[in-house]
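Just below is one structure, and these are the notes that go with it.
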């Protein structure tokens, strides 16, 4: 394919836009192969950019809350809710169950957090937490 790009670039009648695309492909060939070798890597970072949006909007809305601790709490909660959203987990149900587990542990985080970490949950638990997501239904 890389050789094909070089051959196409030699064509005198090649449209200017096609020439620009082929030049870009030639320059970035090694990086492009990464996406072929690892299809789980997204071609763009739109999802990451969208995940930052609530923090940016919030920063303007929360102006004056000021403490470093509240900023860290907001960042942690936004990260948590983004993770739950990516796994299509009902955040209200997850948070209720997590806080109940903390209460049963005497106000401390549960010793075994496995039931609350999406990639460590068993399939039945994950399915149960995905059953109804009122935030998605309202949207």
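Residue numbers (UniProt numbering): 1 to 139.
Backbone N, C-alpha and C fix where the C-beta goes; we use that ideal spot for every residue, glycine too.
- So, is the C-beta of residue 49 closer than 9 Å to a C-beta in chain B? Absent from the structure is chain B; it holds one protein chain and no more.
For residue 89, count neighbouring Cβ atoms within 10 angstroms of its own Cβ and tell me buried if that reaches 16, exposed if not.
Here residue 89 is buried. Its C-beta has 16 or more other C-beta atoms within 10 Å.
**Study point:** 8 Å Cβ shell around residue 121 - same chain, five flanking residues per side excluded
**Key:** In its chain, beyond the 5 residues on either side, 114, 115, 129 have a beta carbon closer than 8 Å to the beta carbon of residue 121.
- Item | residue 163 - DSSP class collapsed to helix/strand/coil | Absent from the model: residue 163. The displayed extent of the chain is 1 to 139, so no value can be given.
When you compare only the Cα positions, how much space is there between residue 44 and residue 105?
Rounded to the nearest angstrom, the two C-alpha atoms are 42 Å apart.
Counting C-beta neighbours from all protein chains within 10 Å, is the total for residue 73 16 or more, i.e. buried, or is it exposed? Exposed, by the Cβ-count rule.
- Answer yes or no: do residue 20 and residue 8 have a C-beta to C-beta separation smaller than 9 Å? Cβ distance not < 9 Å, so residue 20 and residue 8 don't count as in contact.
To test your reading of the DSSP string, which unbroken alpha helix (DSSP H) runs of 4 or more residues are found completely within the segment 76-133? Entirely contained in the segment 76-133, the alpha helix (DSSP H) runs reaching 4 residues are, in chain order, 91-104, 123-130.
Would you check if the segment 35-53 and the segment 88-102 touch, i.e. whether three or more CB-CB distances between them fall below 8 Å? Touching, no.
query = Of the residues 80, 29, 42, which one's Cα is nearest the Cα of residue 54?
reply = It is 80.
Note to self: Rounding to the nearest angstrom, what Cα-Cα distance links residue 28 and residue 125 in this structure?
What the structure shows: The C-alpha of residue 28 lies about 43 Å from the C-alpha of residue 125.
- Task: From the DSSP output, in three-state form, read off residue 1 for me.
- Result: If DSSP states are grouped into helix, strand and coil, residue 1 belongs with coil.
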